[in-house]
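Peer 1:
Residue numbers (the working numbering): 783 to 1201.
(1) Tell me whether residue 1049 sits in a helix, a strand or coil according to DSSP, three-state version.
(2) Using C-beta distances below 7 angstroms, list every residue in its chain close to residue 874, excluding the 5 sequence neighbours before and after it, in chain order.
(3) Might you give, ordered along the chain, the residues of its own chain that have their beta carbon closer than 7 angstroms to the beta carbon of residue 863, omitting 5 neighbours on each side?
(4) So what's residue 1159 in DSSP terms, helix, strand or just coil?
(5) Check residue 997 in the structure and name its three-state DSSP category.
(6) If you follow the alpha helix (DSSP H) that residue 1022 is part of, which residue opens it and which one closes it?
(7) So, for residue 1070: in the same chain, excluding its five sequence neighbours on each side, which residues have a beta-carbon less than 6 angstroms away from its beta-carbon?
(8) To the nearest angstrom, how far is it from the Cα of residue 1242 to the Cα of residue 1018?
(9) Could you check where the alpha helix (DSSP H) with residue 1129 kicks off and where it finishes?
(10) Classify residue 1189: buried if its beta carbon has 16 or more other beta carbons within 10 angstroms, exposed otherwise.
(11) Alpha carbon to alpha carbon, what distance is there between residue 1133 and residue 906?
(12) For the alpha helix (DSSP H) containing residue 863, list its first residue and its last residue.
(13) Since residue 1225 is in the alpha helix (DSSP H), which residue starts that stretch and which ends it?
(14) In whole angstroms, what separates the C-alpha of residue 758 from that of residue 1119?
(15) Using 10 angstroms around the beta-carbon of residue 801, count the other beta-carbons present and answer buried if the total reaches 16, otherwise exposed.
(16) Is the beta carbon of residue 858 less than 7 angstroms from the beta carbon of residue 936?
(17) Kindly give me the distance between the Cβ atoms of residue 1150 and residue 1015, rounded to whole angstroms, as I take these residues to be in contact under 8 angstroms.
(18) Thinking just about the alpha-carbon of each residue, which of 948, 958, 913 is nearest to the one in residue 932?
(19) Assign residue 1167 to buried or exposed, taking buried as 16 or more other Cβ atoms, counted over all protein chains shown, within 10 Å of its Cβ.
(20) On the three-pair Cβ rule with 8 angstroms, is the segment 1107-1117 touching the segment 908-927?
(21) Please work out which residues of its chain come closer than 6 angstroms, Cβ to Cβ, to residue 1169, disregarding the five sequence neighbours upstream and downstream, and give them in chain order.
(22) Who are the near neighbours of residue 974 in its chain, counting only those whose CB is closer than 7 angstroms to its CB and skipping five residues on each side?
(23) Would you tell me roughly how many angstroms separate the C-alpha atoms of residue 1028 and residue 1174, rounded to the nearest one?
(24) Once DSSP output is grouped into helix, strand and coil, what is the label at residue 1121?
(25) Along the alpha helix (DSSP H) that carries residue 891, what are the first and last residues, could you check?
(26) Alpha carbon to alpha carbon, how far is residue 1185 from residue 942? Give it in angstroms, no decimals.
(27) Taking Cβ to Cβ, would you say residue 828 is nearer than 7 angstroms to residue 837?
(28) DSSP three-state label for residue 840, please.
(29) Between the alpha carbons of residue 1068 and residue 1122, how many angstroms are there, rounded?
(30) Candidates 924, 945, 954: which alpha carbon is nearest residue 872's?
(31) By the three-class DSSP mapping on this structure, what secondary structure does residue 1075 have?
(32) Look at the alpha carbon of residue 1176 and the alpha carbon of residue 1103, and state the distance between them as a whole number of angstroms.
(33) Measuring CA to CA, which of 1136, 888, 1147, 938 is closest to residue 831?
(34) Enumerate in chain order the residues of its own chain whose CB-to-CB distance from residue 934 is below 7 angstroms, with the five nearest sequence positions on each side excluded.
(35) Just verifying my parser: in three-state terms, what is the DSSP assignment at residue 1134?
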């Protein structure tokens, strides 16, 4: 804890505010979202297809608009987009507690996703600029500690508020984002966008997007990293499925423990792993090791779960081990991943690059989840875990190849098109 306090204190007030901001964003989000499906299905009595539609709209609006949100941040400044995202979340979460008609719920869900698309690229681009080249990796390491802490505390706070009512959860979540918007309006220093000259906005945006499409190092890096997002998401898909295999209708508690282990591992291991990697590994090598560790995380799940108390205990331990290893692998690679995106952008239009990267990872998660679900349907117990281990190792190999062949070095000809 002393190390974390010292690290936080060493950054500028703007960077510290962004770190606290991310904790509050995740606190407010995870206070509500884990319980939304149950509210829609049992509280409001919606059909399963309608619940899926509401949740799917949120994901689609967020992933589909990341590139637009990043572009807006580069053109009009990161601070306005961060504030706009917080205001939209305030309205959206308040609506989720007040309305019960499906069209209104869909609108609120779409606003929730759009809010994330506005502030996520902007926060990361602002933090990268605030920390500077020398301290970007450290800044993103500390940022991820706050990020994971919000994921840890949010569901617990939401569970406590559910003792009153789901509306209380929505009201408090909306209040968190409302206070964030007000606080940042008053205290977050403005960071004006780079002057775009007299070029029409549509042409400047088209130039930026074309530059990304032609930036081969960035595209190769994004493709190699898709596996990390597919694997990380399995805390929400594959691990709960295994928990249900083991514990049936009582799997909820085990799933909650798995989430807690994942967040605790990320919070406790982030700074140590980043410090070790900075001393012993170049950035791309840290990413390679992180990807390999994420793939290896699924090996404890290979044995078929057996019945009886001993078999269930072994299965629960394997789930916890998988969650911890996934979190540590992600913690090892995350700061270097964020730094690499900035370098590959040439430190120009950083929010737009983050937006494009998030959109690509969102598409990968959607396709990956379809593939994982299909693997479970095959009925071969070891197949999903071997496939995910293989995914991590393939991505690690691809990243090692990109590093060894110099493909992670920005090309001057590519960067010249983004000016």
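Ideal Cβ placement from N, Cα and C applies to all residues, glycine included.
Everything numeric in this text was worked out from a predicted model, so none of it was measured.
Peer 2: The short version:
(1) helix
(2) 890, 893, 894, 897
(3) 851, 854, 855, 900, 901, 904
(4) helix
(5) coil
(6) 1020-1029
(7) 1178, 1181, 1182
(8) A question about residue 1242 goes unanswered here, because the residues of the chain that appear run from 783 up to 1201.
(9) Segment: none, residue 1129 is in no alpha helix (DSSP H) and carries neither H nor E.
(10) buried
(11) 7 angstroms
(12) 860-880
(13) Residue numbering for the chain in the displayed model covers 783 to 1201; residue 1225 lies beyond these limits and cannot be assessed.
(14) Outside the displayed range of the chain (783 to 1201) lies residue 758, so it cannot be described from this structure.
(15) buried
(16) no
(17) 7 angstroms
(18) 958
(19) buried
(20) yes
(21) 1157
(22) 859
(23) 25 angstroms
(24) helix
(25) 884-943
(26) 47 angstroms
(27) no
(28) helix
(29) 11 angstroms
(30) 954
(31) helix
(32) 22 angstroms
(33) 888
(34) 1042, 1045, 1046, 1049
(35) helix
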